[in-house]
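**Student:**
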Amino acid sequence: MNSGPESRTVLQRLGDGGTVVVPHLEREDGTPQVRVFDAAPGSARPYELRLFTSPQALEAHLGDDPGRAYSLRRRDSLAPFLRRHGAVLERVVVDAGGPDAVQYLVTEVLAALDGEAPDGGTADGTAGGRTTDDPTGFRDDSGAGISIEGLHAMASVEEPGGSRGIGIELNLPDHWTLVELTDPVARTQQIRALVTRQGAALGDRGARLRRDLRERLTAVAEQAAGAGGQVMAFLTLPGERAALAVHLTLFWHDLGPQTAGRTHLDRIDDRLRPRLGPDDALTRTETLSGPFLRHVRLGRGDAETGGGDLPLLLVDYWAATPGGQAVARLAFSTPHVEIRDAILALTDRVLFATEWLMSAPEHDAVADVVG
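Written out as structure tokens, the structure reads:
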């Protein structure tokens, strides 16, 4: 849609792993969602996604609009969102309303994010942004570390009025199927679509199996939602002999201010460590975006569905949010206990591909940090 020098500069920035500011809104339950805007009258699709090169550009565009929350996203964060919702997006606009505003087709932005060359390949010779030795679809640099802009936002979390973690974004490749737990209508539709797709090869013979699976997934989703779950994700990755099955549920726990000099993560560590079995492991890792615990243990399937004898590898990641008043938990389960190290490599990469969604700091907090 754009072919001028400035347009190419913005695309290059995205392709090189630079960050953009993405505005957010809060749902009724307080969880964040990416904000989209109405497309221009007469457009073929109803919405457009607006990205900004700085928080100041977003502030200038919003004017008196009270919605100030945003996140800083990189290439591997934007692509999954655009692939899931591109069908309803007319265009992507950078710095809307500003003197240097540029706009792209969704396909143009995806091509830049995937590093595609004009012939449909990629700059490093891989296909579609996927390296041949990484079937999970995660690049080595996805989510590794944190950008300079992200560090700037994180620097204000201890200041009055500073940024706070208000959510966490899962950035999963295409072969993960998501189920939104907080929206009952979407949840039902997504489970139905998942079961239909997975059981399509069975034809009419699989009608009863599909019905049973749909009922079971619905019960699991309702139980997870009742426990604070926000999203479930399912991976069925074809292997040489069988499919690789991994289930993920994202939980968000608002725990309030920390007390008595103990963090919420410290208290979780205190609760989990005495219960460790001989094959369990609990480790703590410090990163630029905050600490997290990884809890690895063995379990069993659900006896009610005939899986009581099925061994499971269970992996939980507990991550303290910036600002310290909430904890996100990524809970994985898989029957592939025999490839524990490979599964842990996969789940680690899922964790490191996540991004905190940050509220915008108040101006005084920014001034205190910068000054």
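Numbering (the numbering used here), first residue to last: 2 to 372.
Glycine included, every Cβ here is placed at the ideal spot set by N, Cα and C.
Just so we're clear, the structure is a prediction, and the values are computed from it rather than from any experiment.
1. Hey, quick one: how far does the alpha helix (DSSP H) through I351 stretch, first residue to last?
2. State the DSSP-derived secondary structure class of G129, mapped to helix, strand or coil.
3. Ignoring anything shorter than 3 residues or poking outside the region 47-116, list the beta strand (DSSP E) runs there in chain order.
4. Which term fits L90, buried or exposed, when burial requires 16 or more other beta carbons within 10 angstroms of its beta carbon?
5. Taking the alpha-carbon positions, what's the V1 to L73 distance?
6. Should the region 209-220 be regarded as contacting the region 287-300, the criterion being three or more beta carbon pairs within less than 8 angstroms?
7. Going by DSSP in three states, R215 sits in which element: helix, strand or coil?
8. Which first and last residues belong to the alpha helix (DSSP H) in which P292 is found?
9. Within 10 angstroms of the Cβ of R75, are there 16 or more other Cβ atoms? Answer buried if so, exposed if not.
10. Just reading off the beta strand (DSSP E) that D317 is part of, what are its end residues?
11. Starting from the C-beta of A332, find all residues in its chain whose C-beta is less than 6 angstroms away, skip the five residues before and the five after it, and write them out in chain order.
12. Identify which residue in P47, T108, V37 and V21 has its Cα closest to the Cα of P56.
13. Out of curiosity, what's the CA-to-CA distance linking S334 and M233?
14. Should Q191 be labelled buried (16 or more other beta-carbon atoms within 10 Å of its own) or exposed?
15. Pick out the complete beta strand (DSSP E) segments inside the region 246-290, 3 residues or longer, and give them in chain order.
16. Please report the straight-line C-alpha distance between G291 and L273, rounded to a whole angstrom.
17. Does DSSP put L195 in a helix, a strand or coil?
18. Out of A187, V247, L277 and P279, which has the shortest C-alpha to C-alpha gap to I344?
19. Just to confirm, are G302 and L314 a CB contact at a threshold of 9 angstroms?
20. Here's a check: name, in chain order, each residue in its chain whose Cβ is nearer than 6 angstroms to the Cβ of I269, leaving out the five neighbours to either side.
21. Mapping DSSP to helix, strand and coil, what is A224?
22. Are there 16 or more other CB atoms within 10 angstroms of the CB of G227, so buried, or fewer, so exposed?
23. Suppose you measure from the CA of T355 to the CA of L171; what does that come to, to the nearest Å?
24. Short check: CB of L59 to CB of P24, under 9 angstroms?
25. Which class does T335 belong to by DSSP, given the choice of helix, strand or coil?
26. Assuming W177 contacts F235 under a Cβ cut-off of 8 angstroms, what Cβ separation, rounded to an integer in Å, is found between them?
27. Assuming R188 and V196 are in contact, meaning their beta carbons sit under 8 angstroms apart, how far apart are those beta carbons, in whole angstroms?
28. Bridge partners of R14, per DSSP?
**Tutor:** With the structure as the only source:
1. Here residue 351 is Val; the residue named in the question, Ile, does not match the sequence. Per DSSP, V351 belongs to the alpha helix (DSSP H) from R341 to F353.
2. The predicted position of G129 is uncertain, since its pLDDT is 38 and thus under 50; a value taken from the coordinates is nonetheless stated next. Coil.
3. Within the region 47-116, the complete beta strand (DSSP E) runs of at least 3 residues are 48-52, 71-74, 90-95 and 103-105.
4. buried
5. Lying outside 2 to 372, the shown extent of the chain, residue 1 is not represented and no answer is given.
6. no
7. helix
8. Unbroken run through P292 is the beta strand (DSSP E), G291 to R301; no alpha helix (DSSP H).
9. buried
10. P312 to A321
11. The answer, listed in chain order, is T250 and D317.
12. Of the candidates P47, T108, V37 and V21, the residue whose Cα lies closest to the Cα of P56 is V21.
13. 11 angstroms
14. buried
15. 282-288
16. 20 angstroms
17. DSSP, reduced to helix, strand and coil, places L195 within a helical segment of the structure shown.
18. Taking only the C-alpha atoms, the option nearest I344 is V247.
19. The answer is no: Cβ separation not under 9 angstroms.
20. For I269, the CB contacts under 6 angstroms within the same chain, skipping 5 residues up- and downstream, are W319 in chain order.
21. Correcting the residue identity first, residue 224 is Gln in this sequence and not Ala. The answer is helix: DSSP assigns Q224 an H, G or I state.
22. That one is exposed.
23. 5 angstroms
24. yes
25. T335 falls in the strand class under three-state DSSP.
26. 7 angstroms
27. At roughly 13 angstroms, the Cβ-Cβ gap does not stay under 8 angstroms, so R188 and V196 are not in contact.
28. Answer is none; R14 lacks a bridge partner.
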